[in-house]
Every structure is written in C-alpha cells, then in structure tokens.
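A short write-up of the structure that comes next.
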Amino acid sequence: MTAPLPRFRAATLTAATALSLIGLATGPVHAAGWPPLQPGARLYTGTGGTGTASTVDLGDVSTCHTLAAAARSVQVASGSASVVLYTGAGCTGAYPWATGSLAQSDTPSPVLSYRVVPA
37 MTAPLPRFRA ATLTAATALS LIGLATGPVH AAGWPPLQPG ARLYTGTGGT
87 GTASTVDLGD VSTCHTLAAA ARSVQVASGS ASVVLYTGAG CTGAYPWATG
137 SLAQSDTPSP VLSYRVVPA
C-alpha cells in the first residue's frame with residue numbers, strides 16, 4: 037500500500053508549483069510603477085512611489101520628523117523598524133497610520149510627519 041504516497045506527493049508538488057506560478061504572475065502587475073524595493077525606508081510625494089523621495093533614518097527611533105512636502109506613498113524594507121505616519125505637522129493628527137517592517141503602499145491621506153518605531 038505504498039503506491040498512493042508517491043502519487044499524493046506528485047499531486048501536492050504539482051499543486052504547489054501551480055500556486056507559486058500564479059502568485060508570480062500577479063506580482064509584477066501589482067508592483068508596476070513602483071521603484072524597486074530597497075533596504076531602508078522612503079516617503080514619496082506622489083502615489084505609487086512617484087514624485088520626490090525622502091529617505092527615512094530608521095535608526096532615529098521615536099523622534100518626530102516634519103516633512104517639507106506632504107507624502108502620498110511609502111516603502112519600508114526593514115526587519116526591525118516600521119514608520120508611523122501623521123496627517124499633521126509635529127506628529128499630530130486624529131488618525132496616525134503605521135506601516136509594517138515590509139511595506140509598499142499609498143497612504144490613506146497625505147501625511148506631513150512621521151516617527152520611526154520598533155517593529
């Protein structure tokens with residue numbers, strides 16, 4: 037009764053391969069237009085990683101930074117830090133929004149300040 041096991045493994049391998057190919061096929065469509073993901077964090081004045089980029093110092097934890105121009109998108113690639121974004125200057129605003137330690141997203145609304153926090 038050992039014959040079904042190799043067939044099961046083959047079917048599982050085939051299904052896993054198909055799922056990974058489906059995921060790979062949809063990945064580039066979602067990321068179209070974004071700059072390549074790089075270690076660190078950046079805030080962009082435009083949506084989809086466009087416009088002027090501001091580099092976030094991920095080592096400067098807990099300090100509030102006010103931006104010269106509102107950011108509309110963010111990229112973060114860090115294993116240990118994330119970024120909390122605020123709609124008001126001086127880390128104020130009714131609804132702060134936090135990224136994860138790996139993020140590539142448009143912000144829900146324009147942000148004027150941020151603070152780095154441990155992930």
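Going by this note's numbering, the first residue of the sequence shown is number 37, and it counts up by one from there.
Backbone N, C-alpha and C define an ideal beta-carbon position, used for all residues, glycine too.
Predicted model only: the values in this text are computed from it and were never measured.
- The secondary-structure analysis by DSSP pairs S141 across a beta bridge with V110.
- Its Cα nearest to that of V119, the residue V152 stands out among A107, V152 and P75.
- A check of alpha carbon separations from A107 across T81, Y150 and A134 identifies T81 as the nearest.
- For P75, same chain residues with a beta-carbon under 8 Å away, outside a window of 5 residues either side, are A113 and S114 in chain order.
- A77 counts as buried, since no fewer than 16 other beta carbons sit within 10 angstroms of its beta carbon.
- For the pair A117 and Y150, the Cα-to-Cα distance works out to about 13 Å.
- Annotated three-state conformation of T91 is strand, per DSSP.
- Within the DSSP secondary-structure output, C127 pairs in no beta bridge.
- In the displayed model, G136 falls within coil according to three-state DSSP, outside both helix and strand.
- In this chain, the beta strand (DSSP E) harbouring S118 covers A117 to Y122.
- Residue range G76 to Y80 is occupied by the beta strand (DSSP E) that includes L79.
- Take the alpha-carbon of S141 and the one of V110: they are about 6 Å apart.
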